[in-house]
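Asker:
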Amino acid sequence: METNNDNGDFIYFIAYPGGDRTKITVCYESIACDYEINDYALASRGRWYDFKEANEYCKQLAKDNNLIFINSDDGDGNDYLD
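Under this note's numbering, read the sequence shown as residues -5 to 76, first letter to last.
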């Protein structure tokens, strides 16, 4: 799950947006603020440095667990704030 840090700035993780446990999405935090990840309603303990890997894992996790996948394909990482 955890890969080499290619972007140097962010850690991607999977959470329930707004705490809604029927949905999951990819979120991100700055590496400098990675301690804040535990403030989210996490859907996975995984951490990724590559957005595409995190997004693919999130899609599969949603499918496997009959959850709604909130599309994060644009990679801006802000979809979970809505």
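From the three backbone atoms N, C-alpha and C, an ideal C-beta is built for every residue, glycine too.
Would you mind working out which of Asp44, Lys46, Lys57 and Arg15 sits nearest Tyr34, comparing C-alpha positions?
Answerer: When only C-alpha atoms are compared, the closest one is Arg15.
Asker: Could you please give the first and the last residue of the uninterrupted beta strand (DSSP E) stretch that includes Cys52?
Answerer: Where Cys52 is concerned, there is no enclosing beta strand (DSSP E), although the alpha helix (DSSP H) it sits in stretches over Phe45 to Asp58.
Asker: In whole angstroms, give me the CA-to-CA distance for Gly12 and Ile64.
Answerer: If you take the alpha carbons of Gly12 and Ile64, they lie about 12 Å apart.
Asker: By a C-beta neighbour count over all protein chains shown, 10 Å radius and 16 as the cutoff for buried, is Glu23 buried or exposed?
Answerer: Counting Cβ neighbours within 10 Å, Glu23 comes out buried, since at least 16 surround it.
Asker: For Ala37, tell me which candidate among Lys53, Ala48, Ile18 and Tyr43 has the shortest Cα-Cα distance.
Answerer: Checking every option, the nearest Cα to that of Ala37 belongs to Ile18.
Asker: Roughly how many angstroms lie between the CA atoms of Cys52 and Val20, to the nearest whole one?
Answerer: For Cys52 and Val20, the distance between alpha carbons rounds to 7 Å.
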